[in-house]
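K.L.:
As they're listed, the protein sequences go chains A and B.
So in the working numbering, spot 44 of the first sequence is number 616, and the numbers just go up one at a time.
So in the working numbering, spot 192 of the second sequence is number 764, and the numbers just go up one at a time.
Idealized CB from N, CA, C, for every residue including glycine.
Number of protein chains: 2
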Amino acid sequence: MARRARSRRTTETEAFVAPASPHVQRRLPFYDILDEEAVVKLETQVDWIMQEIGIAFRDDPEALRIWKEAGAQIEGDIVKAPADWIRSLCAKAPREFTQVARNPARNVTIGGTNQVFAPIYGAPFVRDVGCGRRYGDMESFEKLVKLAYMHPNLHHTGLVICEPCDVPVSHRHLDMVYTHMTRSDKPHLGAITEMSRAQDSVDMAEILHGKDVMDEHCVIMGNVNTNSPLLVDRVVTEAIRVYCGRGQGIVVVPFILSGAMGPVSTAASVTQAMAEAMMCCAFAQVVRPGAPFILGNFLSSMSLKSGAPTFGMPEPVISNYAIGQMARRAGLPLRCGGSLTASKIEDAQAAYESADSMHSTMLAGANFVLHSAGWMEGGLCTGFEKLIMDADRLGSYQKVLGEGLDISDEAFARDAYEEVDPGGHFLGSAHTMRNYTTAFYEPALSDSENVESWEEGGSKDMRQRAYEKWNAMLNQYEAPKLDEAKDEELRDYVARRKSEIPEAWY
Amino acid sequence: MARRARSRRTTETEAFVAPASPHVQRRLPFYDILDEEAVVKLETQVDWIMQEIGIAFRDDPEALRIWKEAGAQIEGDIVKAPADWIRSLCAKAPREFTQVARNPARNVTIGGTNQVFAPIYGAPFVRDVGCGRRYGDMESFEKLVKLAYMHPNLHHTGLVICEPCDVPVSHRHLDMVYTHMTRSDKPHLGAITEMSRAQDSVDMAEILHGKDVMDEHCVIMGNVNTNSPLLVDRVVTEAIRVYCGRGQGIVVVPFILSGAMGPVSTAASVTQAMAEAMMCCAFAQVVRPGAPFILGNFLSSMSLKSGAPTFGMPEPVISNYAIGQMARRAGLPLRCGGSLTASKIEDAQAAYESADSMHSTMLAGANFVLHSAGWMEGGLCTGFEKLIMDADRLGSYQKVLGEGLDISDEAFARDAYEEVDPGGHFLGSAHTMRNYTTAFYEPALSDSENVESWEEGGSKDMRQRAYEKWNAMLNQYEAPKLDEAKDEELRDYVARRKSEIPEAWY
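Below, the structure written as structure tokens:
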């Protein structure tokens, strides 16, 4: 891990060819904030929700048919199921799995002690220092995908890094998936908004990776929200049927604003999220035993003044720690957290909230972190500078997670103490000479100069430095090589589907 | 704890009379990142440094005499001592103790599961949005003390919240101590820079608290740095002799920039810090068995480009977690971390670095956190806005620590699930009505409005809001009542000592 971190840094400064940065392999122990009594209480409530309250599976008769055939009790559209049975189905999902990228050096392993960072997903707006706030468009989308590809601390490019609002809604998924496939060679997600769009994503993945690879490996995943509370609509079940049906992965995420889509308490919201996601996991395992499944959690607090969602606050910090422990107990890979904030700009509020959110996400052991960079304005806006600033901080988290405390003999530096006198200094000691180039994380965007040097450099704040950084990165962008025949096949697929699907803007 | 947090918030919005906010009583479990093998390796190295390398006690013959009389082996000025003996001396220090404030509602308990937040210490410069960066002066000093007194999330006012550079160095400690004693009724520190200044601080504390109280309780503490590596000069030993000699507390802090004042590795720097501080603790216990002692740690990384110290980086994050565990093993109260940054302004860099630094400080279990608010520019500058911004975030940490995850029956909200249908919402549920006013931390400085409201409000960033906030606070400041006779006695003491001590500017 230490060697990988170093080579990433070096490569980044030499040229903007995206270095291999598959994911973080965690050496730091997990942080369990719940004692056995608390865990049992939470699990008891999860079981109670699944058994006594039930989850509605709505607007997808095929989903109810699948549940019924598997033996579930259904009342109307509400599925209630014995917790033991749901847990035994969940146990069929892999504790960890690999999502294969078209560049094998970028394969990511998700689950266990592995942690994968992906950028923001789903913002309709974008913002940068040069052009201000505006609707997302294909030009911004492509730039952001390139940046996510190039940045060494992002392992996965997600999908809707911003909404390309200048492309018809009915065609948008084709352009988005094509852009991820060609402007990057990192793993990414597919569309979920309609069953046919999920299918297009899976079909394009089969073109890119080939049928044989896809038969054996997870090469694409969907990420979909339940309609909390306790409602799973057909967007979810269809996405599960398409992705898991083809042996691919799915991330199912209860999005719970405590007090609105869940009770106004963290313990209840966490158990509700567990129950909703575990029922979806069980459904996925009925569809295809062994299908890769990521248990999601997106819990937020709100402002008492306005009811607006708040981020980076103590309640979601605690929620991250608690859900991490619950997911490990359930043996399921976890998605939670991110670099979240309600701030409209890249100011101190944005950074405080993002850091507290992400520090807890990191320690919680989140295996797949969507929104780990670029999130602003409660998710409504992707920030170009924010993306680069957050990603710079991800390098610090990678080192914390991947190295922990080195307790090798070299780290104890006994020879240095034989060499240096009391009150002396270690700058020239042999131990320092041997180790200084790899001792410290070197952030690209933190300025540690004295005030005079900083003023001579133009008194730039981090936002301005980030603006210059991402523009410089884009100037050095080179597309990763792609077999021309495959590219043509993908382009043909997109063109054909666009001709088949009427343009629609809703 | 929940009730206390609520009453603080309410009081803050009603009037700027500082509410009672003694300290955080932690319910969240500690985060132990080291396994037994690692702990033993670290402790073995601590013992090796104390026994084989030794620590120099320099320029204070009385300190060497005290060591000698206690039975230590001394070679030149280097004290080497059997680790068992040092550990048995350290065991005489209280695991937790109370620093009594002149307002008993503000007494703080330090050690164990208690966490106390104090502002920045020692910056020669100040900065605010209105006046920019400038040398600290008495006017700024007094304003900052008032703000620290008024803020509900600061439990202790420290001492050198900025250097009042317009007061002669030889008189400065008198004005600083007098200001803390009269403009605030929270606990604070005394001076350490010279033995006579330490003595003045202790003598003024005796006037304020009375001899009887001082005989029985810790009412003032000194905070002093060793001259790392492995050197304890007379500033340290004299401060220990004065403060501990009078039964008062002392914080001894090895300040180690890894690679300069310690080896360029975290494990070695942590063990060196432990060895230096434990030797000082043992010395304090020889001076007065049972004297309150706080084991300090200030470890920082550096920039490879310039050698400048860096903050909020992965190495000090790991160091915070490791030293927390080591201090608990040693049974000593801990000071570490803070809201640290190298940034020159209150930008995203300042906040990212401060939050990662402080999140780890919080989880590490630091019992006394100096620099928890206001620190900028690697400690050279106190920011008025930064003080208020950091302190706002401390409220979030207080809730994380003080509440953890509530697992009461009420928190599981079963009645709400009986009431709300799938896809419905909990906003009007009885459970939400019962709990919403206390469910979430309500930060004063985070804006969670939508972008339109935020723009209508003037598009203010957090720094601007903080500027308005602290000015509004100062407008509502009222000095806590102090017995007029005591105030006069303190003023007489200061006047007499100023007449006795020649003005000196160095």
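DSSP beta-bridge partners for residue 826 of chain B?
P.N.:
According to DSSP, residue 826 of chain B bridges with B:798.
K.L.:
Below 6 Å CB to CB, which residues in the same chain sit around residue 635 of chain A once its five sequence neighbours on both sides are set aside?
P.N.:
Closer than 6 Å at the Cβ level, and outside the excluded window around residue 635 of chain A, lie 629 and 809.
K.L.:
For residue 903 of chain A and chain B, any beta-carbon pair shorter than 8 Å?
P.N.:
No - not a single Cβ of chain B is within 8 Å of the one on residue 903 of chain A.
K.L.:
I want to verify the contact list: residues of chain B whose CB lies under 9 Å from the CB of residue 1022 of chain A, in sequence order.
P.N.:
Within 9 Å Cβ-Cβ: 878, 880, 916, 949, 950 and 952.
K.L.:
State the CB to CB distance for the pair residue 857 of chain B and residue 726 of chain B, rounded to an integer number of angstroms; the pair is presumed to be in contact (CB under 8 Å).
P.N.:
Contact flag wrong, Cβ pair sits at about 30 Å.
K.L.:
Going by the DSSP bridge assignment, what does residue 669 of chain A pair with across the sheet?
P.N.:
In the DSSP output, where bridge partners are listed per residue, residue 669 of chain A has A:682.
K.L.:
Taking only three categories from DSSP, how would you classify residue 650 of chain B?
P.N.:
Three-state result, residue 650 of chain B: strand.
K.L.:
Taking residue 822 of chain B as the reference, which of B:1034, B:794 and B:637 has the closest Cα?
P.N.:
Comparing Cα positions, the closest option is B:794.
K.L.:
For residue 1026 of chain B, return the contacting residues in chain A, with the cut-off set at a CB-CB distance below 7 Å.
P.N.:
Under the 7 Å cutoff, chain A gives 916.
K.L.:
In the DSSP assignment, what residue or residues form a beta bridge with residue 645 of chain B?
P.N.:
Paired residues: B:652.
K.L.:
Note down, in chain order, every chain B residue with its Cβ under 7 Å from the Cβ of residue 685 of chain A.
P.N.:
The contacting residues do not exist; residue 685 of chain A stays about 14 Å from chain B at best.
K.L.:
Give a yes or no on whether 8 Å exceeds the smallest Cβ distance from residue 606 of chain A to chain B.
P.N.:
Taking Cβ atoms only, chain B reaches closer than 8 Å to residue 606 of chain A, which makes this a yes.
K.L.:
Quick check on this structure: which residue in A:944, A:816 and A:1016 has the alpha carbon closest to the alpha carbon of residue 885 of chain B?
P.N.:
Cα-wise, what sits closest to residue 885 of chain B is A:1016.
K.L.:
Report the option in B:961, B:604, B:908 and B:888 whose CA atom is closest to the CA atom of residue 874 of chain B.
P.N.:
Per the Cα distances, B:888.
K.L.:
On the premise that residue 614 of chain B lies in contact with residue 839 of chain B, defined as a C-beta separation below 8 Å, what is that separation, rounded to the nearest angstrom?
P.N.:
Contact flag correct, Cβ pair sits at about 7 Å.
K.L.:
Measuring only the C-alpha atoms, how far is residue 958 of chain B from residue 734 of chain A?
P.N.:
If I take the Cα positions, the gap works out to 32 Å.
K.L.:
Does any C-beta atom of chain A lie closer than 8 Å to the C-beta of residue 803 of chain B?
P.N.:
For residue 803 of chain B, the answer is yes, since a Cβ of chain A falls inside 8 Å of its Cβ.
K.L.:
What is the DSSP secondary structure of residue 922 of chain B, reduced to helix, strand or coil?
P.N.:
Three-state result, residue 922 of chain B: helix.
K.L.:
Indicate whether the contact test is met: 3 or more Cβ pairs, each with one atom in the segment 636-647 of chain A and one in the segment 862-871 of chain A, closer than 8 Å.
P.N.:
Touching, no.
K.L.:
Using C-beta distances below 7 Å, list every residue in its chain close to residue 799 of chain B, excluding the 5 sequence neighbours before and after it, in chain order.
P.N.:
For residue 799 of chain B, where only same-chain residues beyond five positions count, the Cβ hits under 7 Å are 805.
K.L.:
Let me confirm a value: residue 737 of chain B is counted as buried when at least 16 other C-beta atoms fall within 10 Å, else exposed. Which label applies?
P.N.:
By the 10 Å Cβ count, residue 737 of chain B comes out buried.
K.L.:
In this structure, what does DSSP give as the bridge partners for residue 866 of chain A?
P.N.:
Note: residue 866 of chain A sits in a beta bridge opposite A:823.
K.L.:
So which of A:807, A:802, A:803 and A:789 has the shortest CA-CA distance to residue 796 of chain A?
P.N.:
Of the candidates A:807, A:802, A:803 and A:789, the one whose C-alpha sits nearest the C-alpha of residue 796 of chain A is A:807.
K.L.:
With DSSP run on the structure shown, which of helix, strand or coil describes residue 856 of chain B?
P.N.:
Three-state DSSP puts residue 856 of chain B in a helix.
K.L.:
At the 8 Å Cβ level, is residue 835 of chain B part of the contact set with chain A, yes or no?
P.N.:
Yes, because at least one Cβ of chain A sits closer than 8 Å to the Cβ of residue 835 of chain B.
K.L.:
Can you give the Cα-Cα distance for residue 926 of chain B and residue 949 of chain B, rounded to whole angstroms?
P.N.:
Distance between the alpha carbons of residue 926 of chain B and residue 949 of chain B: 11 Å.
K.L.:
Excluding the five sequence neighbours on either side, which residues of its own chain have a C-beta within less than 6 Å of the C-beta of residue 905 of chain B, listed in chain order?
P.N.:
Excluding residues within five positions, the ones whose Cβ falls inside 6 Å are 682, 683, 866 and 939.
K.L.:
Closer than 7 Å by C-beta to residue 967 of chain B: which residues in its own chain qualify, once you throw out the five before and the five after it? Chain order, please.
P.N.:
Cβ neighbours of residue 967 of chain B beyond the five flanking positions: 725, 1013 and 1015.
K.L.:
Return the first residue and the last residue of the alpha helix (DSSP H) that residue 901 of chain A is part of.
P.N.:
From DSSP, the alpha helix (DSSP H) with residue 901 of chain A extends over 886-902.
K.L.:
What runs of the alpha helix (DSSP H), each 4 residues or longer, lie entirely inside the segment 683-729 of chain A?
P.N.:
For the segment 683-729 of chain A, whole alpha helix (DSSP H) runs of length 4 or above, ordered along the chain, are 710-722.
K.L.:
Name, please, each residue of chain B whose Cβ falls closer than 7 Å to the Cβ of residue 928 of chain A.
P.N.:
By Cβ distance, chain B contributes 927, 931 and 968.
K.L.:
Answer with buried or exposed for residue 616 of chain A, where buried requires no fewer than 16 other C-beta atoms within 10 angstroms of its C-beta.
P.N.:
Exposed: under 16 other Cβ atoms inside 10 Å.
K.L.:
With a floor of 4 residues, list each alpha helix (DSSP H) that falls wholly inside the segment 934-1003 of chain A, ordered by position along the chain.
P.N.:
Those alpha helix (DSSP H) runs which fall completely within the segment 934-1003 of chain A and span 4+ residues are 956-975, 981-984 and 986-991.
K.L.:
Measure the C-alpha to C-alpha separation of residue 575 of chain B and residue 974 of chain B and round it to an integer number of angstroms.
P.N.:
Note that residue 575 of chain B scores 35 on pLDDT, short of 50, meaning its location in the model is unreliable; the coordinates nonetheless yield the value given after this. Roughly 11 Å between the two C-alpha positions.
K.L.:
Between which two residues does the beta strand (DSSP E) carrying residue 628 of chain A extend?
P.N.:
That run of the beta strand (DSSP E) goes 627-629.
K.L.:
Rounded to whole angstroms, what is the Cα-Cα separation between residue 924 of chain B and residue 1035 of chain B?
P.N.:
Cα to Cα, residue 924 of chain B sits roughly 14 Å from residue 1035 of chain B.
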